[in-house]
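Number of protein chains: 6
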Amino acid sequence: MTAHPLTHFDAEGQAHMVDVAAKAETHRVARAAGSIFMQPETLALIAGGSAKKGDVLGIARIAAIQASKRTAELIPLCHPVALTRVAAEFAVDREHGAVHIEVTAECTGRTGVEMEALTAAGVGLLTIYDMMKAVDRGMRIEGIRLLEKKGGKSGHWHAEQD
Amino acid sequence: MTAHPLTHFDAEGQAHMVDVAAKAETHRVARAAGSIFMQPETLALIAGGSAKKGDVLGIARIAAIQASKRTAELIPLCHPVALTRVAAEFAVDREHGAVHIEVTAECTGRTGVEMEALTAAGVGLLTIYDMMKAVDRGMRIEGIRLLEKKGGKSGHWHAEQD
Amino acid sequence: MTAHPLTHFDAEGQAHMVDVAAKAETHRVARAAGSIFMQPETLALIAGGSAKKGDVLGIARIAAIQASKRTAELIPLCHPVALTRVAAEFAVDREHGAVHIEVTAECTGRTGVEMEALTAAGVGLLTIYDMMKAVDRGMRIEGIRLLEKKGGKSGHWHAEQD
Amino acid sequence: MTAHPLTHFDAEGQAHMVDVAAKAETHRVARAAGSIFMQPETLALIAGGSAKKGDVLGIARIAAIQASKRTAELIPLCHPVALTRVAAEFAVDREHGAVHIEVTAECTGRTGVEMEALTAAGVGLLTIYDMMKAVDRGMRIEGIRLLEKKGGKSGHWHAEQD
Amino acid sequence: MTAHPLTHFDAEGQAHMVDVAAKAETHRVARAAGSIFMQPETLALIAGGSAKKGDVLGIARIAAIQASKRTAELIPLCHPVALTRVAAEFAVDREHGAVHIEVTAECTGRTGVEMEALTAAGVGLLTIYDMMKAVDRGMRIEGIRLLEKKGGKSGHWHAEQD
Amino acid sequence: MTAHPLTHFDAEGQAHMVDVAAKAETHRVARAAGSIFMQPETLALIAGGSAKKGDVLGIARIAAIQASKRTAELIPLCHPVALTRVAAEFAVDREHGAVHIEVTAECTGRTGVEMEALTAAGVGLLTIYDMMKAVDRGMRIEGIRLLEKKGGKSGHWHAEQD
Chain Y
66 MTAHPLTHFD AEGQAHMVDV AAKAETHRVA RAAGSIFMQP ETLALIAGGS AKKGDVLGIA
126 RIAAIQASKR TAELIPLCHP VALTRVAAEF AVDREHGAVH IEVTAECTGR TGVEMEALTA
186 AGVGLLTIYD MMKAVDRGMR IEGIRLLEKK GGKSGHWHAE QD
Chain L
66 MTAHPLTHFD AEGQAHMVDV AAKAETHRVA RAAGSIFMQP ETLALIAGGS AKKGDVLGIA
126 RIAAIQASKR TAELIPLCHP VALTRVAAEF AVDREHGAVH IEVTAECTGR TGVEMEALTA
186 AGVGLLTIYD MMKAVDRGMR IEGIRLLEKK GGKSGHWHAE QD
Chain E
66 MTAHPLTHFD AEGQAHMVDV AAKAETHRVA RAAGSIFMQP ETLALIAGGS AKKGDVLGIA
126 RIAAIQASKR TAELIPLCHP VALTRVAAEF AVDREHGAVH IEVTAECTGR TGVEMEALTA
186 AGVGLLTIYD MMKAVDRGMR IEGIRLLEKK GGKSGHWHAE QD
Chain S
66 MTAHPLTHFD AEGQAHMVDV AAKAETHRVA RAAGSIFMQP ETLALIAGGS AKKGDVLGIA
126 RIAAIQASKR TAELIPLCHP VALTRVAAEF AVDREHGAVH IEVTAECTGR TGVEMEALTA
186 AGVGLLTIYD MMKAVDRGMR IEGIRLLEKK GGKSGHWHAE QD
Chain B
66 MTAHPLTHFD AEGQAHMVDV AAKAETHRVA RAAGSIFMQP ETLALIAGGS AKKGDVLGIA
126 RIAAIQASKR TAELIPLCHP VALTRVAAEF AVDREHGAVH IEVTAECTGR TGVEMEALTA
186 AGVGLLTIYD MMKAVDRGMR IEGIRLLEKK GGKSGHWHAE QD
Chain F
66 MTAHPLTHFD AEGQAHMVDV AAKAETHRVA RAAGSIFMQP ETLALIAGGS AKKGDVLGIA
126 RIAAIQASKR TAELIPLCHP VALTRVAAEF AVDREHGAVH IEVTAECTGR TGVEMEALTA
186 AGVGLLTIYD MMKAVDRGMR IEGIRLLEKK GGKSGHWHAE QD
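From first to last, the protein sequence lines are chains Y, L, E, S, B and F. Take any residue in the first sequence, count from 1 to its spot, add 65: that is its number in this note's numbering. Take any residue in the second sequence, count from 1 to its spot, add 65: that is its number in this note's numbering. Take any residue in the third sequence, count from 1 to its spot, add 65: that is its number in this note's numbering. Take any residue in the fourth sequence, count from 1 to its spot, add 65: that is its number in this note's numbering. Take any residue in the fifth sequence, count from 1 to its spot, add 65: that is its number in this note's numbering. Take any residue in the sixth sequence, count from 1 to its spot, add 65: that is its number in this note's numbering.
Here's what the structure looks like:
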């Protein structure tokens with residue numbers, strides 16, 4: 066029987082958490098990004114944020130970091146990973162009416178941390194939606210994607226257009 | 066002191082989980098959607114899925130439903146909600162090289178379930194990314210948004226363009 | 066299209082968390098049981114338990130109660146339930162070389178608590194296995210089953226042989 | 066057999082999650098407090114906090130709110146509770162070299178929310194410890210206590226000395 | 066004072082999470098099994114399952130894999146383990162009216178993964194119960210047991226009768 | 066730009082989960098303590114505890130151990146840690162009307178386990194509060210503090226006054 070083209074399935078097509086025991090413990094890095102688009106007035110409320118005025122981005126950053134640690138609970142076939150670093154940066158983009166997030170996740174282990182970075186980006190943006198939804202229900206989350214991946218057998222990968 | 070324009074912050078700008086005790090227990094519905102774009106060959110692998118060949122969408126559906134129940138853990142200022150129904154539908158769109166998800170969440174309670182529907186949509190799409198990433202790292206998640214919201218004081222809301 | 070014979074699937078066979086909003090909020094009770102069989106020497110170690118000597122059953126009881134509260138996280142299509150009572154009783158059965166557990170779970174809600182009682186019974190027995198496995202790896206967990214169910218549209222149900 | 070003096074144990078002394086089904090669904094409020102004592106230099110680092118300089122208290126507030134929602138997972142015999150409001154306030158006390166936290170938790174339900182308020186206070190203070198421990202390992206958390214409790218059969222309770 | 070016969074308890078009989086720091090990091094494998102017995106008509110509904118008709122076993126497989134990752138949360142004295150592989154196989158047994166599950170769990174670490182395999186087996190079977198309970202409340206889960214264990218100081222262990 | 070005085074914040078004051086990849090994997094130990102003060106009658110109820118009479122301290126010990134494994138979920142910037150040992154000891158102090166807890170946590174890893182020991186101590190004491198609150202709402206948790214820390218670059222640290 067031939068192997069399945071997708072590693073998350075065995076030769077008979079049954080899902081499994083794939084064997085990574087033979088993989089080397091290397092330093093692994095993943096960077097992911099995403100954006101949330103909103104009305105200019107909504108963005109202005111975020112941009113004026115500070116500890117005194119309601120720190121939307123500070124809260125979203127914490128939610129993103131915490132979500133990265135829950136990735137293996139949320140994504141069924143992900144391996145548990147001992148993250149060694151997670152950082153989330155936000156950029157307020159008035160020209161396009163958006164907040165952009167970029168998350169870097171790192172570990173020293175047998176499996177990559179792309180899903181940790183992507184999950185953190187997604188939850189960080191959803192947290193912004195939650196806090197601003199009372200004034201703007203029409204916000205849209207766009208462009209959640211991997212930017213870069215280092216470490217492991219597949220080597221260094223860069224997204225084409227970022 | 067005047068109220069904060071965002072309900073998740075008090076008059077001094079401190080975050081809180083807002084008081085909903087006085088809200089009526091009504092039937093609440095939220096529908097959310099999103100998409101993941103990929104290479105045609107990647108989509109073909111998903112579209113051929115079945116229990117025998119690796120049921121990517123069946124697994125993503127379970128991940129979406131389970132994520133809806135974890136929303137209050139992931140989104141810091143969300144209230145815990147006793148969901149009465151969650152359903153997630155996928156559509157394979159060969160023309161645009163995408164899989165679309167639409168999630169409906171419902172409860173009978175004091176607070177809306179938009180975040181539950183949006184979180185389920187996001188995690189469902191991230192789960193597809195996880196299972197297909199070995200063949201296509203460049204996939205992008207786009208258009209996570211609220212489609213409709215019913216119940217509660219703010220009444221019936223529809224997204225303009227869906 | 067005709068309805069699916071299993072309520073957890075829609076007419077097209079897709080899994081969902083079934084709609085319970087229209088169900089009445091009634092008092093619901095479920096009783097579940099199960100057993101773990103072991104060597105007589107293993108059972109003697111448990112039976113001699115006390116706070117001073119290693120309280121295996123006290124710890125298993127706590128694990129069972131805590132697991133009942135995690136049921137909706139573990140069983141994908143279960144609704145979150147606000148349990149109003151959980152109790153777990155153990156019986157040491159020297160004749161058959163077994164420990165029996167019986168769990169009662171209760172709520173006032175729109176959906177039954179069978180899975181909460183069954184999950185608690187299962188995790189309680191697994192916890193006994195964990196604590197005794199260093200002396201007896203061949204233990205077997207048997208007869209996890211529902212004993213009784215009250216409340217809701219389906220009325221009062223009793224297992225035939227318990 | 067006479068009842069156990071502690072409601073969390075049955076007449077035979079076995080722990081259980083006590084039956085609250087017969088209790089009225091009333092509005093319940095609990096206020097809890099606590100403090101963390103530290104070196105003046107440590108406190109100065111916190112007091113200068115802002116979104117730009119490292120918002121220690123903003124992060125601790127989010128941790129406190131999130132912990133309140135996990136109370137039933139952490140405290141074995143606690144009932145799951147649908148919190149309707151949680152707020153956490155910090156006060157910087159230069160005179161005593163301390164940060165004080167006060168948490169208010171509320172629900173409309175069959176059981177009180179003291180543990181939710183106390184758990185939030187504890188985790189909020191532990192989060193401050195975590196962020197400041199690199200400069201001051203000798204910090205001490207003191208005075209975690211209930212200030213006030215309203216709702217339910219036991220009526221209105223106030224701590225004597227607060 | 067002499068050591069306690071059970072490693073999970075200290076010499077005074079107090080439970081602890083036992084010290085494994087001195088154990089070697091070796092490759093560890095555990096296989097566990099279990100069964101659920103049901104009416105022939107119930108089994109026929111499962112056996113006819115496919116992505117289109119309601120994939121009961123596909124969902125139970127995901128639940129089993131996800132539960133293996135939560136083992137240390139459910140079983141009080143278990144160590145957290147970085148699983149490197151989890152697979153769950155089901156067999157439909159028309160002769161005995163049963164579905165059998167077999168789970169393999171692996172890690173490279175200081176402690177065995179028996180509990181991870183056993184917990185996955187138990188939750189997989191409970192998930193089948195949940196999905197079929199509307200048509201057959203009398204199903205019974207039987208024979209949750211360890212089949213094999215490799216790695217670590219205790220060496221290779223096989224169950225006698227499997 | 067100069068580094069932030071607190072390691073949990075970057076040079077711009079944004080919180081992150083700090084990079085520990087370059088730290089050595091060493092054996093790390095942390096001991097933490099705390100106390101709960103109560104009425105003499107309340108303490109007498111605990112001191113008389115046994116498996117038959119309601120084992121308050123046995124349950125609190127399990128809650129403490131389990132909480133240590135959830136630390137990274139509760140404390141936002143904590144790294145996930147593979148604990149190799151956790152033990153919790155209680156002392157009943159009739160002279161001062163208190164129960165004292167002391168927790169030891171250990172791992173072989175890149176980051177310390179102070180927060181795991183402190184979180185366990187806090188949750189163990191909160192669990193005592195929960196079980197005794199029906200008879201004594203005025204209990205106070207005091208003196209949650211680090212006693213000792215070994216391993217890692219910062220070496221051996223002892224609290225001055227314990």
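Yeah, the Cβ is synthetic: ideal placement off N, Cα and C, and Gly gets one too. Please read all numbers here as calculations on a predicted model, not as lab measurements.
Check	Outcome
Just to make sure I have the definition right: I need the residues of chain S whose C-beta is within less than 7 Å of the C-beta of Ile111 (chain Y). Which are they?	What Ile111 (chain Y) touches in chain S: nothing, since even the nearest Cβ is about 12 Å away.
Excluding the five sequence neighbours on either side, which residues of its own chain have a C-beta within less than 8 Å of the C-beta of Pro105 (chain B), listed in chain order?	Arg159, Gly162
So which residues on chain F does Lys134 (chain Y) lean against when the C-beta distance must stay under 7 Å?	Ala137, Glu138, Pro145
Would you mind sorting Lys218 (chain E) into buried or exposed? The rule is 16 or more other CB atoms within 10 Å of its CB.	exposed
Put Thr301 (chain B) into one of helix, strand or coil per three-state DSSP.	Here chain B covers residues 66 to 227 and nothing more, so residue 301 (chain B) does not appear.
Buried or exposed for Ala156 (chain L), please, with buried defined as at least 16 other CB atoms from any protein chain shown within 10 angstroms of its CB.	exposed
Taking Ala170 (chain Y) as the reference, which of F:Thr173, F:Leu71, F:Val83 has the closest Cα?	F:Val83
Excluding sequence positions up to five away, which residues of its chain have a Cβ less than 8 Å from the Cβ of Ala186 (chain B)?	Ala97, Ala98, Gly99, Ala129, Ala153, Ile166, Glu167, Val168, Ile209
My output table needs one value for Asp201 (chain E): the three-state DSSP class, helix, strand or coil.	coil
Answer yes or no: does any C-beta atom of chain S fall closer than 9 Å to that of Leu212 (chain E)?	no
Are at least three pairs of beta-carbons, each pair with one atom in the segment 125–144 of chain Y and one in the segment 69–89 of chain F, less than 8 Å apart?	yes
Below 8 Å CB to CB, which residues in the same chain sit around Ala68 (chain B) once its five sequence neighbours on both sides are set aside?	Ala76
Name, please, each residue of chain F whose Cβ falls closer than 7 Å to the Cβ of Ile127 (chain E).	Ile124, Ile127
Could you check where the alpha helix (DSSP H) with Gly99 (chain B) kicks off and where it finishes?	Not the alpha helix (DSSP H): Gly99 (chain B) falls in the beta strand (DSSP E), residues 91–102.
Does Met196 (chain S) have its Cβ less than 9 Å from a Cβ in chain F?	yes
Could you check the C-alpha separation between Cys143 (chain L) and Met197 (chain Y) for me, to the nearest Å?	12 Å
Does any residue of chain L have a CB that is nearer than 9 Å to the CB of Val234 (chain Y)?	One cannot answer for residue 234 (chain Y) here, as it falls past the ends of chain Y, which runs 66 to 227.
Is there a Cβ of chain E sitting closer than 9 Å to that of Arg175 (chain S), yes or no?	yes
For Leu122 (chain E) and Leu110 (chain E), I'd like the C-alpha separation in whole angstroms.	11 Å
Between Ala147 (chain F) and Gly174 (chain F), how many whole angstroms is the CB-CB distance? I'm expecting something under 8 Å.	6 Å
Identify whether Ala87 (chain L) lies in helix, strand or coil by the three-state DSSP scheme.	coil
Let me know if Ala89 (chain L) comes out buried or exposed under the rule of 16 or more other beta-carbons within 10 Å of its beta-carbon.	exposed
List, in chain order, every chain E residue whose beta-carbon is nearer than 8 Å to that of Glu225 (chain B).	Gly203
Ends of the alpha helix (DSSP H) at Glu154 (chain L)?	Glu154 (chain L) -> not in any alpha helix (DSSP H); beta strand (DSSP E) instead, spanning 148–158.
Hey, His92 (chain B) and Gly216 (chain B): beta-carbon distance below 9 Å or not?	yes
May I have the straight-line CA-CA distance separating Thr192 (chain L) from Ile140 (chain Y), to the nearest angstrom?	6 Å
Just grab the DSSP bridge partners of Leu211 (chain Y) for me.	Y:Ala97
Please confirm if Gln79 (chain L) has its CB atom under 9 Å from at least one CB of chain S.	yes
So is Gly162 (chain B) in contact with chain E if we call contact Cβ pairs under 9 Å?	no
Taking the alpha helix (DSSP H) that Gly123 (chain E) belongs to, which residues open and close that run?	121–133
So if I threshold CB-CB distances at 7 Å, which residues from the segment 181–194 of chain B count as touching chain E?	Leu183, Thr184, Gly187, Val188, Leu191, Thr192, Tyr194
Is the Cβ of Thr169 (chain E) closer than 9 Å to any Cβ of chain B?	no
In the DSSP assignment, what residue or residues form a beta bridge with Thr169 (chain L)?	L:Arg96, L:Ala152
Taking Thr91 (chain L) as the query, report the chain Y residues whose CB atoms sit under 7 Å from its CB, ordered along the chain.	Going along chain Y, no residue has its Cβ under 7 Å from Thr91 (chain L), so there is no contact; the nearest lies around 17 Å.
Let me know the secondary structure DSSP gives Glu193 (chain L) once reduced to three states.	The amino acid occupying residue 193 (chain L) in the given sequence is Ile; Glu does not appear at that position. Ile193 (chain L): helix per DSSP, three-state reduction.
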